[in-house]
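Chemist: The structure under discussion is supplied below as C-alpha coordinates; questions concerning it will follow.
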Amino acid sequence: MRKVNRSLSLIVFLNIGLLFLNYIITYIITGDSSKKNEILSVDNWFISTYLSVIYLVGLAANAPILFINSSDYREAYLKEFNLIKKFFKKNI
(Lines of atoms letter the chains of each structure in order from A and count residues from 1; the text may use other names and numbers.)
(Lines give C-alpha, C1' and ligand atoms only; values in the text may rest on other atoms or scores of the structure.)
Protein backbone atom coordinates (compact mmCIF):
# COMPACT_ATOMS: atom_id res chain seq x y z
CA MET A 1 0.00 0.00 0.00
CA ARG A 2 2.92 2.30 0.68
CA LYS A 3 4.23 2.02 -2.89
CA VAL A 4 0.78 2.77 -4.28
CA ASN A 5 0.52 5.92 -2.18
CA ARG A 6 4.01 6.97 -3.22
CA SER A 7 3.22 6.42 -6.90
CA LEU A 8 -0.08 8.26 -6.73
CA SER A 9 1.46 11.13 -4.77
CA LEU A 10 4.26 11.51 -7.31
CA ILE A 11 1.82 11.47 -10.22
CA VAL A 12 -0.57 13.98 -8.64
CA PHE A 13 2.14 16.38 -7.46
CA LEU A 14 3.95 16.22 -10.79
CA ASN A 15 0.78 16.89 -12.77
CA ILE A 16 -0.42 19.73 -10.54
CA GLY A 17 3.06 21.22 -10.23
CA LEU A 18 3.69 21.26 -13.97
CA LEU A 19 0.21 22.61 -14.67
CA PHE A 20 0.87 25.43 -12.19
CA LEU A 21 4.31 26.07 -13.73
CA ASN A 22 2.79 26.18 -17.21
CA TYR A 23 0.14 28.64 -16.02
CA ILE A 24 2.73 30.92 -14.39
CA ILE A 25 5.07 30.96 -17.40
CA THR A 26 2.18 31.56 -19.81
CA TYR A 27 0.86 34.36 -17.58
CA ILE A 28 4.29 36.00 -17.46
CA ILE A 29 4.67 35.86 -21.24
CA THR A 30 1.14 36.78 -22.32
CA GLY A 31 0.44 39.16 -19.47
CA ASP A 32 -3.06 39.93 -18.30
CA SER A 33 -4.61 39.87 -21.76
CA SER A 34 -7.02 37.03 -20.98
CA LYS A 35 -8.74 39.01 -18.22
CA LYS A 36 -9.03 42.11 -20.38
CA ASN A 37 -10.61 40.11 -23.23
CA GLU A 38 -7.80 41.15 -25.53
CA ILE A 39 -6.71 39.05 -28.44
CA LEU A 40 -3.29 37.44 -28.08
CA SER A 41 -0.71 38.18 -30.69
CA VAL A 42 0.25 35.28 -32.90
CA ASP A 43 3.70 35.10 -31.33
CA ASN A 44 2.29 34.93 -27.80
CA TRP A 45 -0.23 32.31 -28.85
CA PHE A 46 2.49 30.10 -30.36
CA ILE A 47 4.72 30.54 -27.32
CA SER A 48 1.93 29.65 -24.89
CA THR A 49 0.96 26.66 -27.03
CA TYR A 50 4.53 25.38 -27.18
CA LEU A 51 4.91 25.86 -23.43
CA SER A 52 1.97 23.52 -22.95
CA VAL A 53 4.45 20.76 -23.71
CA ILE A 54 5.66 21.22 -20.11
CA TYR A 55 2.28 20.03 -18.88
CA LEU A 56 2.13 17.21 -21.41
CA VAL A 57 5.45 15.88 -20.12
CA GLY A 58 3.87 15.64 -16.68
CA LEU A 59 0.93 13.73 -18.09
CA ALA A 60 3.24 11.35 -19.95
CA ALA A 61 5.25 10.65 -16.79
CA ASN A 62 2.61 8.30 -15.38
CA ALA A 63 3.98 5.22 -17.16
CA PRO A 64 7.63 5.64 -16.04
CA ILE A 65 6.58 6.39 -12.46
CA LEU A 66 4.41 3.28 -12.32
CA PHE A 67 7.12 1.21 -14.03
CA ILE A 68 9.67 2.23 -11.39
CA ASN A 69 7.45 1.93 -8.32
CA SER A 70 5.26 -1.10 -9.05
CA SER A 71 6.40 -4.63 -9.77
CA ASP A 72 2.97 -5.52 -11.22
CA TYR A 73 3.10 -2.65 -13.69
CA ARG A 74 6.73 -3.45 -14.50
CA GLU A 75 5.83 -7.05 -15.38
CA ALA A 76 2.89 -5.90 -17.50
CA TYR A 77 4.97 -3.29 -19.35
CA LEU A 78 7.81 -5.73 -20.03
CA LYS A 79 5.32 -8.30 -21.33
CA GLU A 80 3.82 -5.73 -23.71
CA PHE A 81 7.25 -4.47 -24.82
CA ASN A 82 8.24 -8.04 -25.71
CA LEU A 83 5.04 -8.45 -27.73
CA ILE A 84 5.78 -5.20 -29.57
CA LYS A 85 9.36 -6.31 -30.31
CA LYS A 86 8.12 -9.65 -31.64
CA PHE A 87 5.58 -7.87 -33.82
CA PHE A 88 8.19 -5.60 -35.41
CA LYS A 89 10.73 -8.40 -35.86
CA LYS A 90 8.03 -10.43 -37.56
CA ASN A 91 7.16 -7.62 -39.99
CA ILE A 92 10.75 -6.81 -40.95
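Residue numbers (this note's numbering): 58 to 149. Glycine residues also receive a C-beta, built at the ideal position from the N, C-alpha and C atoms. Keep in mind the model is a prediction, meaning the values are calculated, not measured.
Going by other Cβ atoms of all chains shown within 10 Å of its Cβ, with 16 needed for buried, is N79 buried or exposed?
Modeler: Buried is the call here.
Chemist: Short of 7 angstroms in beta carbon distance, which residues of its chain neighbour S159, apart from the five on each side in sequence? Order them along the chain.
Modeler: As displayed, the chain neither begins before 58 nor continues past 149, which places residue 159 out of reach and without an answer.
Chemist: In angstroms with no decimal places, state the Cα-to-Cα distance between S109 and G74.
Modeler: Cα to Cα, the separation comes out at about 13 angstroms.
Chemist: Taking the alpha helix (DSSP H) that G115 falls in, what are its first and last residues?
Modeler: That run of the alpha helix (DSSP H) goes V99 to A117.
Chemist: Would you mind stating whether N119 and I81 have Cβ atoms separated by less than 8 angstroms?
Modeler: Not closer than 8 angstroms, so no.
Chemist: Under a Cβ-count criterion, where at least 16 other Cβ atoms within 10 Å of its own Cβ denotes burial, should T83 be classed as buried or exposed?
Modeler: That one is buried.
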